[in-house]
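Last residue of the sequence shown: 294 in our numbering, with the numbers rising by one and none dropped.
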Amino acid sequence: MKKEMTEQEAYLRLAALCAQAEHCEQEMRDKMRRWGLDEAAQDKVVERLTKERYIDEERYARAFVKDKIRYNKWGRRKVQQALWMKHISDDIQQQVLDEIDEKEYLDVLRPLLKQKRKSIKAESDYELNQKLVRFALSRGFGFDIIRQCLDVNEDDFDEDSDDETD
129 MKKEMTEQEA YLRLAALCAQ AEHCEQEMRD KMRRWGLDEA AQDKVVERLT KERYIDEERY
189 ARAFVKDKIR YNKWGRRKVQ QALWMKHISD DIQQQVLDEI DEKEYLDVLR PLLKQKRKSI
249 KAESDYELNQ KLVRFALSRG FGFDIIRQCL DVNEDDFDED SDDETD
């Protein structure tokens, strides 16, 4: 039979985990729940981890947003949904999402659409654009920014085609 974990043991394990990477409060609570810690002990451990700055929801959200946009190529909506699933407060979500650099955000979407364009088979430009819009929406990008990138990409695509005919 498994030995019951004490509050101190849980704190030490979670502090070591938080020292290695950013984690949110919800992730820590989920771990403690799996370990069989009662609610009162969970509250004490989380309070101590927060007080000693092992857990910082705002710092976690900033790192999470930066990683998901840069490496996973997610848009604002998908990132916001993921933060909501991790029980990050609406205020922190909004603050961190507002800090996203527009240029960097566009620099993620443009190459993504350009790359996807190469793999899409479509009968017409209209169908191609519809597929690209659906793809970008599924990644969490807003329609306005998608439209903006598609207009720019069409110009780039036309220039590429013109170069080949010369």
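We put the beta carbon where it would ideally sit given N, CA and C, even for glycine. These numbers come from a predicted model, not from an experiment.
Could you check how far apart the C-beta atoms of K214 and V236 are, in whole angstroms? I think they sit under 8 Å.
Not a contact, Cβ separation roughly 21 Å.
DSSP on N200, reduced to helix/strand/coil?
Reduced to three states, the DSSP call for N200 is coil.
CB contact check: D158 to chain D, cutoff 8 Å:
Absence of chain D from the displayed structure is noted, only one protein chain being present.
Here's the rule: buried if 16 or more other CB atoms are within 10 angstroms of the residue's CB, otherwise exposed. What is R204?
Looking at its Cβ environment, which holds 16 or more other Cβ atoms inside 10 Å, R204 is buried.
By DSSP, does K179 sit in helix, in strand, or in coil?
Helix.
Can E150 and Y199 be called in contact, C-beta distance under 8 Å?
It is not a contact, given that the beta carbons lie outside the stated cut-off.
Report all residues from its chain with a CB closer than 7 Å to the CB of G164; omit the five preceding and five following residues, and keep chain order.
E132 and M133, listed in sequence order.
Exposed or buried, what is Y182 when buried is set at 16 or more other beta-carbons lying within 10 Å of its beta-carbon?
By the 10 Å Cβ count, Y182 comes out buried.
Could you tell me whether the Cβ atoms of M156 and L177 are closer together than 8 Å?
Against a cut-off of 8 Å, the Cβ pair of L177 and M156 comes out as a contact.
Mind checking which residues open and close the alpha helix (DSSP H) that includes S217?
No alpha helix (DSSP H) holds S217; DSSP gives it neither H nor E.
Three-state secondary structure (DSSP) at Y139?
In this structure, Y139 counts as helix in the three-state DSSP scheme.
For A264, count the other beta carbons within 10 Å of its own beta carbon; 16 or more makes it buried, fewer makes it exposed. Which is it?
It counts as buried.
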